[in-house]
Every structure is written in structure tokens, then in C-alpha cells.
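Colleague:
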Amino acid sequence: MSAGVSVTAMPAQNRGWQRDLIGIAVILIAAMAGYFLFPDNLALLTRMIAIMLLVLSLDLVTGYCGVATLGHAALFGSGAYAAGIAAAHFGITEPITMIAIGAVGGALAGLISGIVILRGHGLAQLVLSIAIIHLFHEAANKASQYTGGSDGLSGISPDPILGVFEFDLWGRTAYVFGIVLLLLVFILLRILVRSPFGMLCRGIRQDPIRVSAMGASVKLTLIKMYVISGLVAGVGGAFNAVSTQVVGLDSLSFTNSAEALVMLVLGGVGSLYGALIGTIAFVWIEDLVSAANPFHWLTIVGALLIAVVLFAPKGLYGTAATLVERYRRGGK
Amino acid sequence: MTALFEVDHLQKAFGGLNVTRDVSLALGKGDRVALIGPNGAGKTTFVNLVTGHLRPDSGQVLMGGEDISRFNPMRRVRAGLVRSFQVTRLFAEMTPEEHVALAILQRQGKSGRMAGSFQAMPDVMRETYEILETLNLTALGRVPVSEIAYGQQRLLEIALALALRPKVLLLDEPAAGVPHSDTFLIENALAQLPADLAVLMIDHDMDLVFRFAKRVIVLAAGEIIFDGLPVDATNDVRVREAYLGGYANGSAA
């Protein structure tokens with residue numbers, strides 16, 4: 060190997076963090092706009108935040124690692140139940156502690172589902188993930204002593220945040236708390252996906268055999284990512300428990316998992332912004348259409364989804380990003 | 014003296030078909046060996062046995078005297094046995110810079126880091142661009158692999174192998190699929206491989222083999238039928254029989 064290579068040949072560092080600052084600013088502006096434009100709809104926006112965390116978490120394993128799963132709500136629901144049970148049965152009602160407990164619960168569920176789901180590939184993987192979500196759902200249903208079974212788990216009354224900010228009737232505190240959590244998670248995930256570990260995961264999605272030929276363990280890397288994904292989904296679930304003060308069996312449902320995947324595809328797989336935009340678009344359209352036509356709203360949502368998959372296969376964000384890129388290159 | 018890399022009486026049969034029959038060979042530091050043989054001679058099976066993708070029926074693979082026969086492919090790479098692929102296996106959406114940096118980070122045990130970026134690690138960046146420079150890929154450092162020519166993708170394949178700093182490098186048809194006018198690029202790259210690296214090249218491009226290898230091993234029907242100097246290989250009766258068949262005694266190649 061040649062020793063004396065001129066260092067001038069080395070290009071400068073990418074300034075990716077500048078784009079991140081813009082991204083964070085956009086999220087903040089959107090959050091404030093939501094707060095002031097829809098003061099009566101904060102509950103919906105708060106639910107949106109919880110789902111965003113689930114979809115971000117799904118994006119980590121599906122978008123960045125290429126793992127196909129229809130059972131991701133298992134991680135979300137476990138976080139929700141962990142936080143809910145801690146509050147309702149063990150009197151742990153400090154909200155930040157509840158979120159932390161939810162994160163741990165989600166991480167454990169992530170570890171378990173990762174170990175099971177990663178045993179298969181392709182179709183087998185998908186079937187295993189469906190089996191996982193049904194098993195979690197049934198377990199929560201049977202353990203009704205702790206979970207309240209099909210009646211749901213109630214009696215969760217979180218303390219004021221930091222002993223100061225009480226959860227109000229209009230959901231203002233919950234909304235702001237959610238935005239803070241979302242921003243925190245988003246920043247940490249931006250760091251993660253750009254790190255060497257994130258690069259290794261992207262490599263696994265594109266060619267696992269090449270990654271193992273580099274001497275890296277594909278399985279171990281994916282399981283690590285599953286645990287991280289569980290942390291994120293767990294935070295989402297716990298936040299849902301804190302903000303709604305109930306946990307229902309639907310948080311551990313197949314439908315919830317499938318919808319999360321639909322939102323991710325809608326927004327664009329493999330990009331954190333895509334996960335956020337997909338969730339907003341889906342929940343917003345769902346809300347709009349179901350109010351306009353309560354009988355056929357699912358049909359309309361289905362038709363829209365088919366349109367996106369056919370005409371913008373990279374999702375809303377992915378397609379927009381491609382167009383901008385093309386415009387920039389053409390402009391030069 | 015223990016050899017750097019040794020294959021000892023390797024056997025493999027698929028049902029009644031013996032694809033690898035009692036194959037033994039050894040490589041020392043700095044060796045440049047070519048493994049050749051007609052189609053169906055068992056070259057690919059041999060590579061898979063050595064890299065750990067197939068389990069031999071009997072026999073051993075040794076690195077510096079240590080038996081690595083029971084290692085999985087990943088551990089063999091960590092022991093210093095690195096391969097390149099006959100058909101490029103690269104990450105289509107990633108750039109050559111990212112490829113090489115990832116390999117370096119993996120070698121250094123830093124690929125599990127969850128914060129920071131390789132672009133902020135001066136030592137990784139310097140080594141990445143040293144390797145890209147050696148292979149004339151610097152200008153393509155930030156272009157996604159899906160947008161660069163196949164010949165250059167083959168070079169990146171070699172760059173990745175170099176970044177792992179192997180002791181033994183298995184090159185599986187490094188020039189396969191490259192237009193003939195560009196083979197010289199691959200040859201130049203091969204000429205720049207570190208001097209103390211042991212290289213085993215599997216190929217049937219004779220021009221390339223004879224220019225590159227100091228020693229030739231010929232495999233036919235799963236068996237080694239020749240191990241010696243390239244010049245002698247062309248004159249060996251059995252090699253001519255196996256390789257050239259009826260053309261063996263025709264006009265000079």
C-alpha cells in the first residue's frame with residue numbers, strides 16, 4: 060500500500076447536521092402550529108405523537124435493517140402495559156419514571172421478538188412476526204389480573220411532571236410533554252442512524268452476506284437494533300398510557316402493527332422524516348375521512364394508499380426528496 | 014515450519030459425487046498462487062469449504078497452525094482469511110467512502126459505535142482515502158455504488174478486502190464480468206497488494222493468471238493434478254489433457 064498520500068485528496072466532512080437543525084426547527088414549528096391552530100384537537104395530536112414513536116421504532120428495523128414485520132405493536136403495547144401496570148398496581152406514578160419503565164418493557168419485548176423473528180427470512184419472518192403479536196395479545200388478555208384483560212387497564216393517574224406541570228383536562232401538558240419526548244428521541248435517532256452502527260445496519264439491509272464477509276455479526280447487530288427499537292416503541296407506549304391514562308388491548312393488536320407499517324410506507328421507508336410525515340398524513344386523513352363519510356372511510360384510505368404505492372413508491376417524503384435532488388442536479 | 018495458510022486433506026461429497034477429493038495445499042507469506050481448473054473442477058466448492066460456507070466431510074483448514082475448520086465464516090474473517098466475490102456484493106446505495114470506512118471500522122472493532130461519524134475520525138478518513146487512492150477511486154469517493162461502472166465496482170471489492178488487512182486473501186475471479194479493455198485496471202490493483210499478503214486467486218483467465226501468479230495449482234474433477242511453476246503447468250501432460258482436452262496437442266495457445 061502506498062504510504063504517502065496527499066491529505067488534500069480527502070474531501071471535507073459532510074455538513075449533515077445543518078440539515079438536522081432545519082429538521083428540528085420544522086418539527087418545532089409544526090408542533091407550535093398544531094398547538095395554536097387546533098386547540099380543541101390536542102388529544103388527537105397527542106395520540107399522533109405516540110404513534111409517531113411507534114412508526115419511528117418500526118422504521119429502525121424495517122427501513123434501516125430490512126426486517127419485515129407485522130408485529131411491531133408488541134413492543135409498543137409492552138411499553139404501555141409496563142408503564143400502566145407500574146402506575147396502577149405498584150403506585151409508581153411519576154411520569155418520567157413511568158416512561159423509563161415503559162422503555163425497559165419495550166426493550167425486553169424487542170429482545171424477545173427480535174430473537175424469534177430473526178430466525179426466519181422473508182415470508183417466514185413475516186409469519187413469525189404475526190404469531191408474536193397474537194401471542195402478546197393473548198398473554199395480555201389472559202393476565203387480566205394485571206392488565207384488566209379486554210376491559211383495559213385503568214386507574215392510571217400520573218403525578219405532575221417534575222412536580223410542577225399537572226396534566227390538565229385540555230391535554231396541553233400531555234401535548235408539550237409528548238413534543239419534548241419526540242424531539243429527544245428524534246435527535247438521538249439521528250445520531251444513531253448516522254453512526255458506524257447505523258451504517259452497519261444499512262449495509263445489512265443491502266447485502267447481509269457482504270457484511271458477514273467483513274467479519275461482522277449480522278444476527279447480533281440486528282438484535283441490538285431490535286432492542287433499541289423496543290426502547291423507542293416502549294417510550295411511545297408509555298407516553299400513550301401517561302397521556303390517555305388507560306391502556307387497552309388494542310395497543311397490542313395486529314391492526315395497530317399493520318397500520319404502523321402502512322404509515323411508514325406512506326411516508327417513506329428508511330428515513331426518520333418519512334416516518335413522521337407518514338404518521339401525520341395517515342392519522343389526519345383517517346380523522347378527516349371518517350368524519351366526512353363514516354361508512355366508506357376505510358375504502359377511501361385504501362384507495363389513497365394504493366395510489367401512493369403505485370405512483371410514489373418511495374412514499375411521500377422519499378418521493379419529495381428525490382424530486383428535490385433531481386431539481387438540484389438539473390439546476391447546476 | 015508452519016505455513017501461514019494450510020488446507021489439509023480436505024474432502025467433500027454431495028451424495029455420491031466427490032467434489033473435493035483429498036485436497037491439500039499450503040501458502041506462505043507473500044505467496045501469489047493461482048488456483049485454476051476447467052468448469053466443474055470444484056473451484057467454487059473449494060472456496061466455500063475454505064471460507065466456512067460449507068462443512069467438509071473430513072480434513073482441516075489451518076491459519077498459522079491453528080485449526081479453523083470449526084469456525085463460522087465470520088470468525089474466519091476475523092482470523093485473517095478474507096475473500097472477494099465472483100459477482101460483486103456491494104451496498105448499492107452507499108458510497109465507496111462508506112464501504113471502505115465501514116470495513117476499517119469493523120476491523121478496528123468500532124462498527125458497533127452508536128454515536129459519532131467516521132467522517133469525524135481523522136485516522137479512519139486518512140486510511141480510507143489511502144486505500145481509495147491506491148485503487149484510483151478517490152474521485153468516486155462520494156458517488157453511490159449503483160452509479161459507478163462495473164469495472165470500478167470490482168476495484169472497490171478489492172479495496173474492501175484490503176481495508177480488512179487480511180493475512181490471506183482469496184480472490185474469486187477478480188476480473189469476472191469486466192470488459193477486456195479494463196482488465197488492466199484490475200491487474201494494476203493486484204500488483205499493488207501488500208507484499209507480505211498471501212494471495213490465492215481462483216480464475217480461468219489465463220493471461221491474468223500467468224502474469225500474476227508465481228505458482229499455479231490445477232484442480233480437475235475435485236483433485237489437485239498439478240502444483241508448481243506456471244511455465245511447467247503449460248507443459249504438463251495431465252494439465253493439458255484436463256484443461257484443453259482435444260486441443261492439447263494443437264497449435265500453441
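Those protein sequences? They're chains A and B, same order as listed. Numbering-wise, my numbering comes out as the position in the first sequence, counting from 1, plus 59. Numbering-wise, my numbering comes out as the position in the second sequence, counting from 1, plus 13. Each residue gets a CB set at the ideal place from its N, CA and C atoms; glycine is no exception.
Quick one: what's B/Q73 bridged to in DSSP?
Modeller: By 1-based counting over the second sequence, the position of residue 73 of chain B is 60. Answer by DSSP bridge pairing, in chain order: B/D21.
Colleague: Tell me the DSSP bridge mates of B/M45?
Modeller: For this step, residue 45 of chain B is matched to residue 32 along the second sequence. Going by the sequence as given, residue 45 of chain B is Arg instead of Met. Note: B/R45 sits in a beta bridge opposite B/V212.
Colleague: Would you check if the segment 282–296 of chain A and the segment 159–172 of chain A touch, i.e. whether three or more CB-CB distances between them fall below 8 Å?
Modeller: Contact holds: three or more Cβ-Cβ distances are below 8 Å.
Colleague: So what's B/R82 in DSSP terms, helix, strand or just coil?
Modeller: Here residue 82 of chain B corresponds to residue number 69 of the second sequence, with the count starting at 1. For the record, residue 82 of chain B in the displayed sequence is Ser; it is not Arg. DSSP places B/S82 in coil when its eight states are reduced to three.
Colleague: Would you kindly work out how many angstroms separate the C-alpha atoms of B/T196 and A/F256, rounded to a whole number?
Modeller: The residue given as residue 196 of chain B occupies position 183 in the second sequence. The residue given as residue 256 of chain A occupies position 197 in the first sequence. Looking at the two C-alpha atoms, the distance is approximately 35 Å.
Colleague: Using the Cα positions of A/A132 and A/E153, report the straight-line distance between them to the nearest angstrom.
Modeller: As a working mapping, residue 132 of chain A is identified with position 73 in the first sequence. As a working mapping, residue 153 of chain A is identified with position 94 in the first sequence. If you take the alpha carbons of A/A132 and A/E153, they lie about 24 Å apart.
Colleague: Use the C-beta contact count for B/K227: other C-beta atoms within 10 angstroms, 16 or more gives buried, fewer gives exposed.
Modeller: The count along the second sequence starts at 1 and reaches residue 227 of chain B at position 214. B/K227 should be labelled exposed.
Colleague: Do B/R96 and A/A272 have their C-beta atoms closer together than 9 Å?
Modeller: What you label residue 96 of chain B is simply residue 83 of the second sequence in a count that begins at 1. What you label residue 272 of chain A is simply residue 213 of the first sequence in a count that begins at 1. Closer than 9 Å, so yes.
Colleague: Starting from the Cα of B/Q205, find the closest Cα among B/L175, B/D220 and B/V181 and give me that residue.
Modeller: Residue 205 of chain B sits at position 192 when you count from the first residue of the second sequence. The shortest Cα separation from B/Q205 among B/L175, B/D220 and B/V181 belongs to B/L175.
Colleague: Of the choices B/G29, B/A39 and B/L17, whose alpha-carbon is the least far from that of B/L23?
Modeller: Mapped onto the second sequence, residue 23 of chain B falls at position 10. Ranking B/G29, B/A39 and B/L17 by Cα distance to B/L23 puts B/A39 first.
Colleague: Verify the CB distance criterion: does A/D266 have a CB-CB separation below 9 Å to chain B?
Modeller: Translated into the one-based positions of the first sequence, residue 266 of chain A becomes position 207. Yes, because at least one Cβ of chain B sits closer than 9 Å to the Cβ of A/D266.
Colleague: Listed in chain order, which residues of the segment 225–258 of chain A have Cβ atoms closer than 7 Å to some Cβ of chain B?
Modeller: Cβ contacts with chain B: I250, L251, R253, S254, P255, F256 and M258.
Colleague: How would you write the range of the alpha helix (DSSP H) that A/G257 sits in, first residue to last?
Modeller: By 1-based counting over the first sequence, the position of residue 257 of chain A is 198. It spans P255 to Q265 - the alpha helix (DSSP H) in which A/G257 sits, taken as one unbroken run.
Colleague: Identify each residue in the segment 68–101 of chain B for which the Cβ-Cβ distance to at least one residue of chain A is less than 7 Å, and report them in chain order.
Modeller: Cβ contacts with chain A: P86, M87, V90, R91 and R96.
Colleague: Using beta-carbon positions only, say whether B/E186 and B/D216 come within less than 9 Å of one another.
Modeller: Your numbering for residue 186 of chain B matches position 173 in the second sequence. Your numbering for residue 216 of chain B matches position 203 in the second sequence. Cβ atoms of B/E186 and B/D216: closer than 9 Å.
Colleague: To the nearest angstrom, how far is it from the Cα of B/G78 to the Cα of A/P267?
Modeller: Residue 78 of chain B sits at position 65 when you count from the first residue of the second sequence. Residue 267 of chain A sits at position 208 when you count from the first residue of the first sequence. If you take the alpha carbons of B/G78 and A/P267, they lie about 30 Å apart.
Colleague: Three-state secondary structure (DSSP) at A/D309?
Modeller: Taking the first residue of the first sequence as position 1, residue 309 of chain A is located at position 250. In this structure, A/D309 counts as helix in the three-state DSSP scheme.
Colleague: Which one or two residues does DSSP pair with B/L94 in a beta bridge?
Modeller: The residue given as residue 94 of chain B occupies position 81 in the second sequence. In the DSSP output, where bridge partners are listed per residue, B/L94 has B/V181.
Colleague: Need the endpoints of the alpha helix (DSSP H) that B/E236 sits in, please.
Modeller: Counted from its first residue, the second sequence places residue 236 of chain B at position 223. Unbroken run through B/E236 is the beta strand (DSSP E), E236 to G241; no alpha helix (DSSP H).
Colleague: What whole-angstrom Cβ distance do B/P86 and B/T64 have, given they're in contact under 8 Å?
Modeller: Along the second sequence, read from residue 1 onward, the residue named residue 86 of chain B stands at position 73. Along the second sequence, read from residue 1 onward, the residue named residue 64 of chain B stands at position 51. Going by Cβ atoms, the distance from B/P86 to B/T64 rounds to 6 Å, so yes, they are a contact pair.
Colleague: May I ask you to list the residues that DSSP assigns as paired with A/N100?
Modeller: For this step, residue 100 of chain A is matched to residue 41 along the first sequence. Answer is none; A/N100 lacks a bridge partner.
Colleague: What did DSSP end up calling B/T108 once you bin it into helix, strand or coil?
Modeller: The sequence position of residue 108 of chain B within the second sequence is 95, counting from 1. Of the three classes helix, strand and coil, the one that applies to B/T108 here is coil, per DSSP.
Colleague: Going by C-alpha to C-alpha distance, which of A/W229, A/V126, A/A109 and A/D210 sits closest to A/A183?
Modeller: Within the first sequence, the letter at position 124 stands for residue 183 of chain A. It is A/V126 whose Cα lies nearest to the Cα of A/A183.
Colleague: Please state whether the Cβ-Cβ distance between A/L290 and A/L325 is less than 9 Å.
Modeller: As a first step, residue 290 of chain A must be located in the first sequence, where it is residue number 231. As a first step, residue 325 of chain A must be located in the first sequence, where it is residue number 266. In this structure, A/L325 does not lie closer than 9 Å to A/L290 by Cβ.
Colleague: Which residues, in order along the segment 276–305 of chain A, keep a beta-carbon less than 7 Å from a beta-carbon of chain B?
Modeller: From the segment 276–305 of chain A, only S276 have a Cβ closer than 7 Å to chain B.
Colleague: By the criterion of Cβ-Cβ separation under 9 Å, what are the contact partners of B/K123 in chain A?
Modeller: Within the second sequence, residue 123 of chain B is the residue found at index 110, counting from 1. Chain A residues near B/K123: P255.
Colleague: Assuming contact is defined by CB atoms lying nearer than 9 Å, are A/A334 and A/M107 in contact in what I supplied?
Modeller: The residue labelled residue 334 of chain A in the question sits at position 275 within the first sequence. The residue labelled residue 107 of chain A in the question sits at position 48 within the first sequence. No, the Cβ-Cβ distance between A/A334 and A/M107 is not below 9 Å.
Colleague: Cα separation between B/S82 and B/F225?
Modeller: Stepping through the second sequence from its first residue, residue 82 of chain B is reached at position 69. Stepping through the second sequence from its first residue, residue 225 of chain B is reached at position 212. Rounded to the nearest angstrom, the two C-alpha atoms are 29 Å apart.
Colleague: Roughly how many angstroms lie between the CA atoms of A/A109 and A/E197, to the nearest whole one?
Modeller: As a first step, residue 109 of chain A is located in the first sequence; it is residue number 50 there, counting from the start. As a first step, residue 197 of chain A is located in the first sequence; it is residue number 138 there, counting from the start. Between A/A109 and A/E197, the C-alpha separation is close to 23 Å.
Colleague: Can we count A/L364 as close to the ligand ADP, meaning its CB is less than 8 Å from some heavy atom?
Modeller: In terms of ligand content, the structure shown is empty, and the ligand ADP therefore cannot be addressed.
Colleague: DSSP state of A/R78, grouped into three classes?
Modeller: Numbered from 1 along the first sequence, position 19 holds the residue referred to as residue 78 of chain A. A/R78 falls in the helix class under three-state DSSP.
Colleague: Taking only three categories from DSSP, how would you classify A/L187?
Modeller: Against the first sequence, residue 187 of chain A aligns to sequence position 128. Reduced to three states, the DSSP call for A/L187 is helix.
Colleague: Within a Cβ cutoff of 7 Å, which residues of the same chain sit near A/G138, ignoring the five residues on either side of it in sequence?
Modeller: If you number the first sequence from 1, residue 138 of chain A lands on position 79. Correct list, in chain order: G161, A162, G164, G165, A292, G293, V294, G295, G296 and A297.
Colleague: Which of the three DSSP states, helix, strand or coil, is assigned to A/S203?
Modeller: Counted from its first residue, the first sequence places residue 203 of chain A at position 144. The answer is helix: DSSP assigns A/S203 an H, G or I state.
Colleague: Give the secondary structure of B/N31 by DSSP, where H, G and I count as helix, E and B as strand, and everything else as coil.
Modeller: As a first step, residue 31 of chain B is located in the second sequence; it is residue number 18 there, counting from the start. DSSP places B/N31 in strand when its eight states are reduced to three.
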